[in-house]
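First residue of the first sequence: 2, per the working numbering; consecutive thereafter. See below for the structure under consideration.
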Amino acid sequence: MFDPKLIRDNPDKIRNMLEARDVDFPLDELIKLDKERRELIIKTDELRKTRNQISIEVAKKKKSNEDSTSIMEQMRSVSDELQRLEETQIRAEDSYKKLSLTLPNLIHESVPTGKDETANKEIKKWGNIPTFDFKVRDHIDLTQSLDLVDLERAAKTAGARFYYLKNQLVRLNQSLIQFALDFLSEKNYTPIQTPYMINKSSMEGAIIAHDFEDVIYKVEGEDLYLIGTSEHAVASMHSDEIIEGKILPLRYAGVSPCFRKEAGAHGRDQKGIFRVHQFEKVEQFVFSRPEESWSEHEKMLLTVEEFYQKIGLPYRVMLLSSGDMGKVSAKTYDLEAWMAGQNNYREIISCSNCLDFQARRLKIRFRDKTNEQPQYLHTLNSTLVATTRTMVAILENFQTKDGHISIPKVLQKYVGASTI
RNA sequence: GCGGGGGUCGCCUAGCCUGGUAGGGCGUGGGAUUGCUAAUCCCAUGUCCGCAAGGACCCGUGGGUUCAAAUCCCACUCCCCGCGCCA
């Protein structure tokens, strides 16, 4: 969501963004609605002014026992008219708000313009791609032969894209969470385990409403939605708050399961645990001062890199193009880990600066002095570890000739074993 | 789930019974005055419209009654206390 003034004064800025994102949006209609809405505000305000004035008169006359029937008659007609006008004004306000909530975020100048992922830019690369003197297997194969995942029975009980984790993979999953929490705690992040369901207004604050359908599960008969990531719950956590400036940046390590419909992903990554409806994730979420958000963004990426260097997973960092980026983000880095079984880099991390986009929707502001005008802060989010995908990378890259997995050194103490 | 109490402009609080411009304190900022690590006083301190002057809105949310609602009525919601149920 934007400051209405920005849309009014710089429509070209918005227009350029829409073009870069390749999004169809009735901007002229929004501008028209804004004008209507403001005109109606002026009219109703004036009417309220007269009503307030008359009301004072009535009170005076009543006090001095004067006759007030005629003035009350006047008041009645003003009130009637006001009620009619208010209705149209509220309707205008609603349609403006509804439409403006579907407008995507602005784009940072460093973001490459392009329709899709082909325009993404590789920023850096780390690690050596492992070589094997035996036939490399993919994670599906490995998890079957080592009895680590049961997909067939999950399909029976829940459906496609669900899984039962088994044996040491359960431990590896927990170990990644634990390691990630330890890692972020050392960097003074506040660990936070969120509600797994949040209400509609919170969800709308974090993401754009019509993106719900393909991504978010709704709980039937309740005003509740399963979170797609702890980001949704952490972002809305401070909604309607004015935060003391001195405690910024606020860095949270969100832990939660994530639930995703994955509608529209038919045929892609059909098997295995790479693309699933449910997984655990440790997330970095930062509330920052506007002037610090870009440096925070870089810092978050470096934190992610350090984490994967410790595990020892080769990766590359991609800067997403305008068309490939999420609608609430102004700039996104993806970290793609090498996956030996697929002979390719695959996305495991997404690191975004949302500027004041979510903060405006959720009314999250800050100020340094209590008499200062509060201003919107910036929100940033980045995966640290989404367990299933990182496990796929570990399984495939750390496989051994005898068909087992050697566990990365930093994780061994958590798993309690050196091989699976 | 039942019964009781509560939600007021950053924080605390008055006002609600008996409808008529939401008052005070704290904190913070600015100013005034005064010889002293301070006190006292004044102003400012939510949102929206407006270039401004100014105005409107704001008492958990949404309805209703009324010329007029923080105040009366209804519904919902959240918090606190007690009881019940429960991993």
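The C-beta atom is built at its ideal place from N, Cα and C for all residues, glycine as well. Small disclaimer: the values here were computed from a predicted structure and weren't measured.
How long is the line joining the alpha carbons of residue i and residue j, rounded to whole angstroms?
{"i": "A210", "j": "A60", "result": "47 angstroms"}
{"i": "E232", "j": "H109", "result": "21 angstroms"}
{"i": "T45", "j": "L83", "result": "7 angstroms"}
{"i": "S289", "j": "I244", "result": "11 angstroms"}
{"i": "R390", "j": "S96", "result": "41 angstroms"}
{"i": "L107", "j": "R162", "result": "34 angstroms"}
{"i": "L102", "j": "M18", "result": "15 angstroms"}
{"i": "E299", "j": "E40", "result": "44 angstroms"}
{"i": "G423", "j": "I406", "result": "Nothing can be reported for residue 423: it is not among the residues displayed for the chain, which extend from 2 to 421."}
{"i": "R317", "j": "R269", "result": "21 angstroms"}
{"i": "K328", "j": "N129", "result": "34 angstroms"}
{"i": "Y415", "j": "E30", "result": "56 angstroms"}
{"i": "R347", "j": "E223", "result": "36 angstroms"}
{"i": "E373", "j": "K262", "result": "43 angstroms"}
Out of the options, which has the shortest C-alpha to C-alpha gap to residue i?
{"i": "R252", "options": "V411, L381, P131", "result": "L381"}
{"i": "M155", "options": "F286, G273, V386, G324", "result": "Just to set this straight, residue 155 is Ala in the shown sequence, not Met. It is G273 whose Cα lies nearest to the Cα of A155."}
{"i": "E307", "options": "Q271, W127, A161", "result": "W127"}
{"i": "L412", "options": "L303, D183, L363", "result": "D183"}
{"i": "P258", "options": "V386, S323, L249", "result": "V386"}
{"i": "L166", "options": "N354, L143, K364", "result": "L143"}
{"i": "P113", "options": "A159, Y197, V416, A331", "result": "A331"}
{"i": "A360", "options": "Q376, C352, N129", "result": "Q376"}
{"i": "D422", "options": "L303, Q400, A338", "result": "Nothing in the structure corresponds to residue 422, since the chain is present only between 2 and 421."}
{"i": "P27", "options": "I8, I42, E221", "result": "I8"}
{"i": "F3", "options": "N53, S111, L100", "result": "L100"}
{"i": "L249", "options": "A21, L378, I55", "result": "L378"}
{"i": "Q75", "options": "S65, R85, I55, E88", "result": "I55"}
{"i": "F358", "options": "A236, T70, T191, F260", "result": "A236"}
Which one or two residues does DSSP pair with residue i in a beta bridge?
{"i": "V220", "result": "L225"}
{"i": "N354", "result": "K332, L381"}
{"i": "V137", "result": "Partner(s): none; V137 has no beta bridge."}
{"i": "D151", "result": "Y165"}
Confirm, please, whether the CB-CB distance from residue j to residue i is below 7 angstroms.
{"i": "L149", "j": "L170", "result": "yes"}
{"i": "V283", "j": "V305", "result": "no"}
{"i": "D23", "j": "K116", "result": "yes"}
{"i": "N398", "j": "P131", "result": "yes"}
{"i": "E123", "j": "M319", "result": "yes"}
{"i": "A93", "j": "R49", "result": "no"}
{"i": "N168", "j": "T388", "result": "no"}
By the 10 Å Cβ neighbour count, where 16 or more other Cβ atoms means buried, how is residue i classified, buried or exposed?
{"i": "A207", "result": "buried"}
{"i": "D188", "result": "The displayed chain sequence assigns Lys, not Asp, to residue 188. Looking at its Cβ environment, which holds fewer than 16 other Cβ atoms inside 10 Å, K188 is exposed."}
{"i": "D325", "result": "buried"}
{"i": "T371", "result": "exposed"}
{"i": "E67", "result": "exposed"}
{"i": "Q90", "result": "buried"}
{"i": "I42", "result": "exposed"}
{"i": "H267", "result": "exposed"}
{"i": "G229", "result": "buried"}
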